[in-house]
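Participant: Going down the list, the protein sequences come from chains A, B, C and D.
Per this note's numbering, residue 29 is the first one in the first sequence, and the count goes up by one each step.
Per this note's numbering, residue 142 is the first one in the second sequence, and the count goes up by one each step.
Per this note's numbering, residue 300 is the first one in the third sequence, and the count goes up by one each step.
Per this note's numbering, residue 300 is the first one in the fourth sequence, and the count goes up by one each step.
Would you mind keeping the following structure in view while I ask a few things?
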Amino acid sequence: MTHPRTHNKGPGEEPQVTVEMAVEHGLKPEEYEKILSLIGRVPTLTELGIFSAMWNEHCSYKSSKIHLKTLPTKGPQVICGPGENAGVVDIGDGLAVVFKMESHNHPSFIEPYQGAATGVGGILRDVFTMGARPIAALNALRFGAPDHPRTRHLVAGVVEGIGGYGNAFGVPTVGGEVNFHPRYNGNILVNAMAVGIAPADRIFYSAASGVGNPIVYLGSKTGRDGIHGASMASQEFDDATEEKRPTVQVGDPFSEKLLLEACLELMATDAVIAIQDMGAAGLTCSAVEMGAKGNLGVRLDLEHVPCRETGMTPYEMMLSESQERMLMVLRPGREQVAEAIFRKYGLDFAVVGHTTDDKRFRICMNGAEYADLPIKELGDEAPEYDRPWTAPAAPAPLGEVAPVRDLGEALLTLIGSPDLCSRRWVWEQYDHLVQGNTLVRPGGDAAVVRIEGTRKALGVTCDVTPRYVEADPRIGGAQAVAETFRNLCAVGAKPLAITDNLNFGNPERPEIMGQFVAAIRGIGEACSALDTPVVSGNVSLYNETQGRAILPTPAIGAVGLIADCDRIATVPFKAEGEAIVLIGATAGHLGQTAYLRDVLGREDGPPPPVDLAAERANGDFVRTLVEDGAVRTAHDLADGGLAVALAEMAMASGIGARIRTLPNKVPAHAALFGEDQARYLLCVPEGEAEGLLARARESGIPAQRIGSTGGDALTVEGHLSISVEALRTAHESWFPRFMDAS
Amino acid sequence: MKAVVVVFPGTNRERDVAAAIVRAGGKAEFVWHDETALPRADLIVLPGGFAHGDYLRCGAMAARSAVIPEVVRRAGAGVPVLGICNGFQVLTETGLLPGALLRNAGLKFICRDVHLRVETARSGFTQAYAQGQVLRVPVAHHDGNYFADADTIARLKDADRVAFRYCGADGTITAAANPNGSLENIAGILNERRNVLGMMPHPENLTDPAQGGTDGLGLFRSLVETVA
Amino acid sequence: MKARVHITLKTGVLDPQGKAIGKALGTLGFEGVGEVRQGKLIEIELDETDPARAEASVRDMCEKLLANTVIEKYDVELVG
Amino acid sequence: MKARVHITLKTGVLDPQGKAIGKALGTLGFEGVGEVRQGKLIEIELDETDPARAEASVRDMCEKLLANTVIEKYDVELVG
Ligand SMILES: Nc1ncnc2c1ncn2[C@@H]1O[C@H](COP(=O)(O)OP(=O)(O)O)[C@@H](O)[C@H]1O
Ligand SMILES: [Mg+2]
């Protein structure tokens, strides 16, 4: 897109808007018609820019809204559900947890370091805008095939960018996911999640109130960064994208850290009425949202906006995506208090407008008016589509699967494969310890961070298995939620709520829309069954290159509460001679498993069925054991099934295990590598095994003693025996070797 | 013991170190970098983080802060000064400690537990440890590669001023145990008077069983005992 | 033959480092300091003795590795 | 008036970044690459119009902030 650069000579100098320009701005001709009838005239260029920002997919959720409405968002624990900068959930003791996940896919593909860094910056801002201090960050990453020429460069840049921003900002990055698949070759996914803590009665929202109140601009200066980044995020990539590239946004974690401290300091006074961070289409979206939510008008006088570059036009200022900026409505008379705090931190502070009673959005500069639009309609009248969709076809049944000859080889292959190998190379580049509250570090199930000043802690995780979603979006959507639930239960955390980041292809294609609709249905069903409402989220559509969509990837981030931070279970075996107990039923499901793909080279069959009642019962059972202090070692079963879970427990501890009984009536390879859901491994001292099994029987939970810990090898009698050392070597080698090769 | 923890714009481990000091039985108070006077203090801490974003050179801008002349004066008067990670970088930039901290040899930020050998128990920071004792504490840095010219290194060694070295779990000093390329595996050094310590690792992050270990607590206990 | 490569951010791209340096110079009492930008200087010893070929090779290095051409520009200078 | 400051590591000071670049160039197939050193380039806009005074002032900036003379050396060039 070419950016009309007018000089600040007044609105008359802006080029005349045409339907072609509207199309260049990513609007459909019929959407442009709607604008004409809404305002009864041809919009000015600045107005067109504002409409294009407000009405693009990214800001308006026009394709997804009607489906998102079906998700469960309520619960006694929910203080604030979707619709604000982040979701807010009560955790007792007068505290609330504030969290959200958001994508920065396209920018990260173009410039991996800065794209990922600013993605982290954006989500941190969402959390502290609500008045919360960020205490944990996570990231869900999806890259193309390892042998694709760009993959290594993208992995290196994205990981460095996430670390570069989070480390300097001072938030521990404690968890996430990394997957590789050719379907992400031209369109990687970078989903960042942040979690913060705030006083439950001091949450800040974006709705302005009061007429004539000052609107202030805070943070860094405005440049021509990412003009129309938000529109870009709603367009497919093609070869021409390279030329259309807008100025890349560069993150400044140092300014963000100062912005955090300044905002929290100011929020401790009574000066703030409303606050909104400037994210995509910065000034436009934040100002419109503050006004529209508060049923007020907004007038901005752009000559007061702190600019980094000379000659910026109103059009550019309204669409700039410069980072580390905030907008606030202040209580009148509190400007000096606020300014003193921001100056102390060396940040820009300027009164750039005020609230009005006429529900108009007015943009002026040096007295000339560049835009005058109805503020409610900018948001409320945004197009909303019920796009046609076709129900996804049921996956073909999985045919015969002949077992491999060497199950030990298969296990080594799996734990050394790109998707299941150790992610140490990634998380050692993230400061996962800053703040001193990381109780369970990355590498286990959920990470656990302590809440300062209490006995409590939070479990945090993010998960989705895109190959399941591709095969059956409804089951895959439910499975993603179930897996977060399981990861939380495994550490002993009571799942509270989730955030979702729905990454899909082009919604204008009915089969993609069908995936989207079905996945949301699955997510909703799981959230209802597991009592984990959706409190925030983000939708990223148009993730396609040359007409080929990514794997449907609804990443789920979840947060759970641990009442007593001394009662936590972790993955490593704790001692030799402990009993190993398998919780949950094993049917030996092999469709869409990692074993099928990475050992047998097949990606077929249905994904494992998700029995939400069993998830709930088994998870509650395991969590209760951890809460009671009966179990300190637990691990959920996911990719790679029982064998991989056992190997992970052995590798994490350096202690081996001997497995004597496998679930019966199931072929050995299916028992070892099947990915049946709702399962966990627990360890207890020998003398407590009978009691545990009895407790399971009473609760109607399937449980089976399968073996004992000990020795320096993982042995499954009759099938495999591998030294823990060999397991570790296989598990730890792939990532560093891949990244070091060029 | 009352510690003053200096906070620069971009510092991010001030609360971690304050918590560790409290666990060891001391008290901590924060002071913003633009103060020119400091309250009475038994210990001055320059904590970890990314002061001024680590822009230009780590610690460079912080070392030119208004508060620094007073820190230097107090150090000269014998007050213990502890610089951890970014704080160590600041101390080398102020000249209170010799040498410099370069980009890690592997070029990447590294966050993981390392083993440290206590090279000297002869200081107010390390007296609670035994010489040769092996500690497990985390590092979290991008620029921890200690460099100094050969004379300086020789002087440090001759005067028993190397406080900690990176080592294996059994205490042996090997290249494999060196996370960042530091000369002679140096992880922490003392000034001549032995009242200024700079170290890259973060003892403050392993001072509580819930954090997975308490090996770092000895450093803060040493300081509390020295003052008492 | 030795090449000197200057890598700088393209105009309009935010330079947080330069910004911070400028501010610090102000705090230290330097007056009349306008914009400060920080870039990289890379010096490369080359066996190549033909200037044209040396320059072409270094430009190729810039495109392939030294510069991130999404946000940076570079210039090559041959010395000695 | 604009100043260009080059800051480079003194000889004898290890340069991990330069070393890594040299290695990467080799892997990319560039031949005949000798030592590579990475330094900084800082460009400063100055109000000062007198070259001598400008240079003195920038040298002072280098001593006081821009360079760490324990490990780095610098040179100042006035342009435009
Ligand atoms: N991008 C990442 N950043 C930080 N930690 C990560 C990342 N990717 C994976 N991890 C961590 O590695 C471990 C294994 O990840 P995964 O296999 O997805 O776990 P699970 O199957 O239990 O959900 C987890 O602790 C996870 O948090
Ligand atoms: Mg798990």
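Note that CB positions come from ideal geometry on N, CA and C, so glycine has one too.
None of these values were measured; they are calculated from a predicted model.
In terms of residues, what are the limits of the beta strand (DSSP E) holding G565 of chain A?
Facilitator: For the purposes of this step, residue 565 of chain A is taken as residue 537 along the first sequence, with counting starting at 1. Residues V562 to S568.
Participant: For G338 of chain C, decide whether its Cβ has a neighbour in chain D, counting only Cβ atoms nearer than 8 Å.
Facilitator: Numbered from its first residue, the third sequence carries residue 338 of chain C at position 39. Yes, contact with chain D.
Participant: So who's on the other strand from H10 of chain A, going by DSSP bridges?
Facilitator: Residue 10 of chain A falls outside the range modelled here, since chain A spans only 29 to 770, and no answer is possible.
Participant: Could you pull the DSSP bridge partners for P279 of chain B from this structure?
Facilitator: In the second sequence, residue 279 of chain B corresponds to position 138, counting from 1. DSSP lists B:D254 as partners of P279 of chain B.
Participant: With 16 other CB atoms within 10 Å as the buried threshold, where does Q304 of chain A fall?
Facilitator: Taking the first sequence and counting its residues from 1, one reaches residue 304 of chain A at position 276. Counting Cβ neighbours within 10 Å, Q304 of chain A comes out buried, since at least 16 surround it.
Participant: Would you say the stretch 149-157 of chain B touches the stretch 282-291 of chain A, given that touching needs at least three Cβ pairs under 8 Å?
Facilitator: With the cut-off at 8 Å, the stretch 149-157 of chain B and the stretch 282-291 of chain A touch.
Participant: Would you identify the three-state DSSP class for F389 of chain A, choosing helix, strand or coil?
Facilitator: Locating residue 389 of chain A in the first sequence gives position 361, where the first residue counts as 1. Strand at F389 of chain A.
Participant: What does T384 of chain A pair with, by DSSP beta-bridge criteria?
Facilitator: To locate residue 384 of chain A, count along the first sequence from 1; it is residue 356. Looking at the DSSP assignment, T384 of chain A forms a beta bridge with A:G325.
Participant: How many whole angstroms separate the CB atoms of G702 of chain A and T614 of chain A, which I take to be in contact at a CB cut-off of 8 Å?
Facilitator: Along the first sequence, one-based indexing puts residue 702 of chain A at 674. Along the first sequence, one-based indexing puts residue 614 of chain A at 586. G702 of chain A to T614 of chain A, Cβ: 7 Å. Contact.
Participant: Taking DSSP's pairing of strands, which residues face D491 of chain A in a bridge?
Facilitator: As a working mapping, residue 491 of chain A is identified with position 463 in the first sequence. Answer is A:I584, bridged to D491 of chain A.
Participant: Is the beta carbon of I608 of chain A sitting closer than 8 Å to the one on L709 of chain A?
Facilitator: Position 580 of the first sequence, counting from 1, holds the residue named residue 608 of chain A. Position 681 of the first sequence, counting from 1, holds the residue named residue 709 of chain A. Yes, these two residues count as a Cβ contact at 8 Å.
Participant: What is the DSSP secondary structure of P535 of chain A, reduced to helix, strand or coil?
Facilitator: Sequence index remark: in the first sequence, residue 535 of chain A carries index 507 (1-based). Of the three classes helix, strand and coil, the one that applies to P535 of chain A here is coil, per DSSP.
Participant: Beta-carbon of R69 of chain A versus every beta-carbon of chain C: anything under 8 Å?
Facilitator: Position 41 of the first sequence, counted from the first residue, corresponds to residue 69 of chain A. For R69 of chain A, the answer is no, since every Cβ of chain C falls outside 8 Å of its Cβ.
Participant: Starting from H134 of chain A, follow its DSSP beta bridges and name the residues at the other end.
Facilitator: Counting from 1 along the first sequence, the entry for residue 134 of chain A is found at position 106. DSSP lists no partner for H134 of chain A.
Participant: Assuming T233 of chain B and L242 of chain B form a contact by the criterion Cβ under 8 Å, report the distance between their Cβ atoms to the nearest whole angstrom.
Facilitator: Against the second sequence, residue 233 of chain B aligns to sequence position 92. Against the second sequence, residue 242 of chain B aligns to sequence position 101. Yes, T233 of chain B and L242 of chain B are in contact; Cβ-Cβ is about 6 Å, under 8 Å.
Participant: Report the three-state DSSP secondary structure of T269 of chain A (helix, strand or coil).
Facilitator: Working through the first sequence from its first residue, we reach residue 269 of chain A at position 241. Because T269 of chain A carries a pLDDT of 45, less than 50, the predicted location of this residue cannot be relied on, and the following value inherits that uncertainty. Residue state, collapsed to three classes: helix.
Participant: Could you work out which residues of chain D lie near A323 of chain C, taking near to mean beta carbons separated by less than 9 Å?
Facilitator: Taking the first residue of the third sequence as position 1, residue 323 of chain C is located at position 24. The answer, in chain order, is L364.
Participant: Along chain B, in chain order, which residues have C-beta atoms closer than 8 Å to that of P210 of chain A?
Facilitator: Start at 1 with the first residue of the first sequence, and residue 210 of chain A comes out as number 182. Annotation: P210 of chain A has no Cβ neighbours in chain B at a cutoff of 8 Å; minimum Cβ distance is about 27 Å.
Participant: Check whether the Cβ of L248 of chain B lies closer than 8 Å to any Cβ atom in chain D.
Facilitator: On the second sequence, position 107 is the one that residue 248 of chain B refers to. Answer yes: the Cβ-Cβ gap between L248 of chain B and chain D drops below 8 Å somewhere.
Participant: Would the beta-carbon of M300 of chain D fall within 8 Å of that of E330 of chain D?
Facilitator: What you label residue 300 of chain D is simply residue 1 of the fourth sequence in a count that begins at 1. What you label residue 330 of chain D is simply residue 31 of the fourth sequence in a count that begins at 1. Taking a C-beta distance under 8 Å as the contact criterion, M300 of chain D and E330 of chain D do not qualify as a contact pair.
Participant: Would the stretch 425-441 of chain A count as touching the stretch 308-326 of chain B if we require 3 or more Cβ pairs under 8 Å?
Facilitator: no
Participant: Can you tell me whether L313 of chain C is buried or exposed? The criterion is at least 16 other CB atoms within 10 Å of its CB, across all chains shown.
Facilitator: Translated into the one-based positions of the third sequence, residue 313 of chain C becomes position 14. So L313 of chain C counts as buried.
Participant: Which bits of chain C does R180 of chain A rub up against, with CB to CB less than 9 Å?
Facilitator: Translated into the one-based positions of the first sequence, residue 180 of chain A becomes position 152. Near R180 of chain A there are no residues of chain C at all, since even the closest Cβ is about 13 Å away, more than 9 Å.
Participant: For a contact defined as C-beta to C-beta under 9 Å, what are the partners of V294 of chain D on chain C?
Facilitator: No statement about residue 294 of chain D is possible, as the shown extent of chain D runs from 300 to 379 and does not include it.
Participant: Using Cβ-Cβ distances below 7 Å, what residues of the stretch 186-213 of chain B are close to chain C?
Facilitator: For the stretch 186-213 of chain B, which is checked against every Cβ of chain C, the residues closer than 7 Å are H193, G194, Y196, L197, M202 and R205.
Participant: In this structure, does DSSP put Q304 of chain A in helix, strand or coil?
Facilitator: For the purposes of this step, residue 304 of chain A is identified with residue 276 of the first sequence, where counting begins at 1. Residue state, collapsed to three classes: strand.
Participant: Near A145 of chain A, which residues of its chain fall below 6 Å by C-beta distance, leaving aside the five closest residues on each side in sequence?
Facilitator: Numbered from 1 along the first sequence, position 117 holds the residue referred to as residue 145 of chain A. Hits under 6 Å: G189, G192, Y193 and G279.
Participant: Run the CB neighbour count on T297 of chain A, radius 10 Å, all protein chains shown included, and call it buried at 16 or more, exposed below.
Facilitator: Residue numbering aside, residue 297 of chain A sits at position 269 when the first sequence is read from its first letter. A residue is called buried once 16 or more other Cβ atoms fall within 10 Å of its Cβ, and T297 of chain A, having fewer, is exposed.
Participant: Taking 8 Å as the CB-CB limit, is V146 of chain B close to chain C?
Facilitator: In the second sequence, residue 146 of chain B corresponds to position 5, counting from 1. V146 of chain B does not count as touching chain C.
Participant: In the DSSP assignment, find the alpha helix (DSSP H) that holds W173 of chain B and state where it starts and stops.
Facilitator: Counted from its first residue, the second sequence places residue 173 of chain B at position 32. It is not in any alpha helix (DSSP H) - W173 of chain B instead sits in the beta strand (DSSP E) that spans K168 to W173.
Participant: In its own chain, which residues sit with a C-beta less than 8 Å from the C-beta of R380 of chain D, not counting the 5 before and 5 after it?
Facilitator: Since the first residue of chain D shown is 300 and the last is 379, residue 380 of chain D is not available in this structure.
Participant: Out of curiosity, what's the CA-to-CA distance linking S131 of chain A and H95 of chain A?
Facilitator: Here residue 131 of chain A refers to the residue found at position 103 of the first sequence. Here residue 95 of chain A refers to the residue found at position 67 of the first sequence. If I take the Cα positions, the gap works out to 19 Å.
Participant: Compare the C-beta of M306 of chain C against all C-beta atoms of chain B and say whether one is closer than 8 Å.
Facilitator: Position 7 of the third sequence, counted from the start, is the residue given in the question as residue 306 of chain C. First, the residue type needs correcting, since residue 306 of chain C is Ile and not Met in the sequence shown. With 8 Å as the cut-off, I306 of chain C does not count as an interface residue toward chain B.
Participant: Just tell me which of A:A302, A:S450, A:R595 and A:F377 has its CA closest to the CA of I231 of chain A.
Facilitator: Here residue 231 of chain A is taken as the residue at index 203 of the first sequence, counted from 1. Out of A:A302, A:S450, A:R595 and A:F377, A:A302 has the C-alpha closest to the C-alpha of I231 of chain A.
Participant: Pop quiz: K249 of chain A and C313 of chain A are said to be a contact at Cβ under 8 Å. What is the actual Cβ separation, rounded to whole angstroms?
Facilitator: Translated into the one-based positions of the first sequence, residue 249 of chain A becomes position 221. Translated into the one-based positions of the first sequence, residue 313 of chain A becomes position 285. With 8 Å as the limit, K249 of chain A and C313 of chain A do not qualify as a contact, their Cβ atoms being about 19 Å apart.
Participant: Pick out whichever of A:C392, A:Y458 and A:E317 has its Cα sitting closest to the Cα of V280 of chain B.
Facilitator: Translated into positions along the second sequence, residue 280 of chain B becomes position 139. Comparing Cα-Cα distances from V280 of chain B to each of A:C392, A:Y458 and A:E317, the minimum goes to A:Y458.
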